[in-house]
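A.B. asks: Residue numbers (this note's numbering): 5 to 349. Just so you know, even glycine gets a beta-carbon here, dropped at the ideal spot from N, CA and C.
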Ligand code: PHE
């Protein structure tokens, strides 16, 4: 801004120059902030156009009327234009007029596999390399597959271990991937070696530790002479490939209606290597899966003769492993799809 409205030498030419300058600044307004800057500079209480009208007093008497009316006209002109300006209607035309095709584009975010998918794939690949196949079953199951065929008749107290979402009296959201064992055994003859990944649902209170849905990988091995030693060897080999090649496992007795004997398997804490830390609650061990020898009743329900065949089964919680492996404190983060969380994996 070169014109100084307070200068005693102000002339009509100065007003023309001022008009041109204001005009060019007005037309380069691109957003609300520019508009506000313009308003303060020209139209505000101390703005140039207001000061100009006051400056009339300092003009020599003979040119005062002409200068005064021109200065006034200038102020009214810009006040009107400002009032009618396009940004008042919310559409800033200047914005599109200023589009610069030479500017670099917005960066394109590269996606990645969800952490649960990554863990599932790692577990799956280890079992594939041991000769297991992959099988799938439906998420809406019948009471028969989810419970009955798994040696859990109605009113069996073990049904309380899994709070179930019922859809009808007979249909439910599967509470575990074990019903896929039944479907696999019904559809193929031993030897069977298969893993069954999938989503499961439980009507549990939602908290940082539990959610109404989660993921499991079921495993099933049925053949002649499958023993508990095979179960132990397979899961030890898996743990050593997945966690650490020196990982130890601990087998504790447990109960599931569809396996006998039933066990729960803890792996040595991979963070502190067994010496005790906050991850393993200072026990040195992490609980990672349930397993056992397939109950003879379950084999019988699927037309597999328990006098000839035996088998083992196990179920791994994918969220549980992911929480441990990545040190995540809240299971709900897996389902919120917040990019700030997801892009860390
Ligand atoms: N289905 C069991 C659960 O969800 C886990 C399991 C699978 C246990 C296979 C034994 C054998 O808790």
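(1) Run the CB neighbour count on residue 225, radius 10 Å, all protein chains shown included, and call it buried at 16 or more, exposed below.
(2) Which residues mark the beginning and the end of the beta strand (DSSP E) in which residue 237 is found?
(3) Taking 7 Å as the line, does the beta carbon of residue 266 fall inside it for any heavy atom of the ligand PHE?
(4) Taking residue 212 and residue 334 to be in contact with their CB atoms under 8 Å, please state how far apart those CB atoms are, rounded to whole angstroms.
(5) If the criterion is Cβ atoms closer than 8 Å, does the pair residue 297 and residue 263 meet it?
(6) Buried or exposed: residue 170, going by 16 or more other Cβ atoms within 10 Å of its Cβ?
(7) Report the partner residues of residue 58 according to the DSSP bridge assignment.
(8) Short check: CB of residue 265 to CB of residue 227, under 8 Å?
(9) Exposed or buried, which one is residue 179 when buried takes at least 16 other CB atoms within 10 Å?
(10) Do residue 182 and the ligand PHE come close, with the Cβ less than 7 Å from some heavy atom?
(11) Expressed to the nearest angstrom, what Euclidean distance is found between the alpha-carbon atoms of residue 164 and residue 185?
(12) Taking the beta strand (DSSP E) that residue 254 falls in, what are its first and last residues?
(13) How about residue 122: is its Cβ closer than 7 Å to a heavy atom in the ligand PHE?
(14) Can you tell me whether residue 81 is helix, strand or coil according to DSSP?
(15) If you draw a straight line from the C-alpha of residue 274 to the C-alpha of residue 349, how long is it?
(16) Is it buried or exposed, residue 166, if we count other Cβ atoms within 10 angstroms and call 16 or more buried?
(17) Say whether the stretch 67–81 touches the stretch 46–57, bearing in mind that this needs 3 or more beta-carbon pairs closer than 8 Å, one atom from each stretch.
(18) Which runs of the alpha helix (DSSP H) spanning at least 4 residues fall entirely within the stretch 123–165, listed in chain order?
(19) Using CA coordinates, which residue listed in 40, 188 and 53 is at the minimum distance from residue 303?
(20) Quick one: residues in its chain with C-beta nearer than 8 Å to the C-beta of residue 128, no 5 flanking neighbours on either side, listed in chain order?
(21) Measure the alpha-carbon distance for residue 120 versus residue 281 and round it to whole angstroms.
(22) Over what stretch of residues does the beta strand (DSSP E) that includes residue 197 continue unbroken?
(23) Within its chain, find whatever has a CB closer than 8 Å to the CB of residue 70; leave out the 5 residues flanking it on each side and keep chain order.
(24) How many angstroms separate the CA atom of residue 276 from the CA atom of residue 254?
C.D. replies: With the structure as the only source:
(1) Sixteen is the threshold: when 16 or more other Cβ atoms of the shown chains lie within 10 Å of the Cβ of residue 225, as they do, the residue is buried.
(2) Taken as a continuous stretch (DSSP letters only), residue 237 belongs to no beta strand (DSSP E), being part of the alpha helix (DSSP H) at 232–246.
(3) A heavy atom of the ligand PHE is found nearer than 7 Å to the CB of residue 266.
(4) Yes, residue 212 and residue 334 are in contact; Cβ-Cβ is about 4 Å, under 8 Å.
(5) Against a cut-off of 8 Å, the Cβ pair of residue 263 and residue 297 comes out as a contact.
(6) When all chains shown are included, residue 170 counts as exposed.
(7) Per DSSP, none; premise fails for residue 58.
(8) Taking a C-beta distance under 8 Å as the contact criterion, residue 265 and residue 227 do not qualify as a contact pair.
(9) Looking at its Cβ environment, which holds 16 or more other Cβ atoms inside 10 Å, residue 179 is buried.
(10) For residue 182, the shortest C-beta to heavy atom distance toward the ligand PHE is below 7 Å.
(11) Rounded to whole angstroms, residue 164 to residue 185 spans 21 Å at the Cα level.
(12) Its beta strand (DSSP E) spans residues 253–260.
(13) Residue 122 Cβ: outside cutoff for every heavy atom of the ligand PHE.
(14) Helix at residue 81.
(15) Their backbone Cα atoms lie some 19 Å apart in a straight line.
(16) Buried, since its Cβ has 16 or more Cβ neighbours within 10 Å.
(17) Verdict: yes, contact present.
(18) Runs of alpha helix (DSSP H) with 4 or more residues, each lying fully within the stretch 123–165, are found at 147–150, listed in chain order.
(19) For the residues 40, 188 and 53, the minimum Cα distance to residue 303 belongs to 188.
(20) Only 138, 199, 201 and 221 meet the Cβ criterion.
(21) Going from the Cα of residue 120 to the Cα of residue 281 covers about 24 Å.
(22) Boundaries of the beta strand (DSSP E) harbouring residue 197: 196–205, taken from the DSSP string.
(23) Cβ within range, chain order: 16.
(24) A direct Cα-to-Cα measurement between residue 276 and residue 254 gives close to 16 Å.
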